[in-house]
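Per this note's numbering, the sequence shown runs over residues 2 to 245.
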Amino acid sequence: MKKDFDLLSLGEILLRLSPPNNERIVRGETFQKQVGGAELNVVSGVSLLGLRTGVISKLPDNALGTYAKNRVRFCGVSDDYLVYDQDPDARLGIYYYEDGAYPRKPSVVYDRRHASFCKISLDELPESMFSSTKCFHTSGITLALSENTRKVGIEMMKRFKENGALISFDVNFRGNLWTGPEAKECIESILPYVDIFFCSEETAKLTFLKEGDVYEIMRSFAKEYPLSIVASTQRIVHSPKVHT
2 MKKDFDLLSL GEILLRLSPP NNERIVRGET FQKQVGGAEL NVVSGVSLLG LRTGVISKLP
62 DNALGTYAKN RVRFCGVSDD YLVYDQDPDA RLGIYYYEDG AYPRKPSVVY DRRHASFCKI
122 SLDELPESMF SSTKCFHTSG ITLALSENTR KVGIEMMKRF KENGALISFD VNFRGNLWTG
182 PEAKECIESI LPYVDIFFCS EETAKLTFLK EGDVYEIMRS FAKEYPLSIV ASTQRIVHSP
242 KVHT
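Rendered as structure tokens:
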């Protein structure tokens, strides 16, 4: 059966505000606006490879939501599964990103509580969505944002899996969203549904209490769970803007 999409992702779309020219948040007077979000970044990148992608999210039904939708389209990502919050107090989550300039590291300030995405419901999305894609992706960020997004994210994994999609999951641990033990308990409960698993060596050791080198750690995940692919990035930080 032909699928409409190669990849769909579930995640919050955020407004990113950054002071230009390496300015500091505490000093600058202007911000450049963009949209961001871990799961949106994934489908945007995959779209650039020529594959058909879409994002599942909830936006405020106002000018900021329209801006976010337009940027999604600009990235070549389908907005078929964007839903809109018509509450007068609906809001788009925001993060303020400050570029690093050696020796200062980049920094982020989040303002995302009570954003429209945290209220997303399965009832707002068509049943046909679950049979529309070859692969479904989400991350630990979505599971950590709220009890509701955790419930919705896990249910989507199950529903997409039942309809034959591969399930891709990136731990993407954020200590400001939940604790290591909370993340470990939740993520271990969903790993039986996951086919493609991303986890950094540091997170594997600190959150999942794994031991050994990165190859031993990845093999241990593959032995414990029915994962087809286990992946980890290795990065050397030379300066705030030069990584290899």
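Think of the CB as a built atom: it goes at the ideal place given N, C-alpha and C, for glycine as much as any other residue.
Every value quoted in this text rests on a predicted model; they were computed, and no experiment measured them.
Asked	Found
Can you tell me whether Val110 is helix, strand or coil according to DSSP?	strand
Are the region 2–9 and the region 19–29 touching by the rule of at least three beta carbon pairs closer than 8 Å?	no
Starting from the C-beta of Ser147, find all residues in its chain whose C-beta is less than 7 Å away, skip the five residues before and the five after it, and write them out in chain order.	Cys119
Measure the alpha-carbon distance for Met219 versus Val231 and round it to whole angstroms.	6 Å
Is Pro61 helix, strand or coil by DSSP?	strand
Taking the C-alpha atoms as reference points, what is the distance between Lys185 and Leu65?	35 Å
Considering just the uninterrupted stretch of the beta strand (DSSP E) at Phe222, what are its terminal residues?	Segment Val215 to Glu225 is the alpha helix (DSSP H) holding Phe222; no beta strand (DSSP E) there.
For the beta strand (DSSP E) that Ser45 lies in, which residues bound it at each end?	Segment Ala39 to Leu49 is the alpha helix (DSSP H) holding Ser45; no beta strand (DSSP E) there.
What are the start and end residues of each continuous beta strand (DSSP E) run of 3 or more residues lying completely inside the region 124–174, in chain order?	136–140 and 167–171
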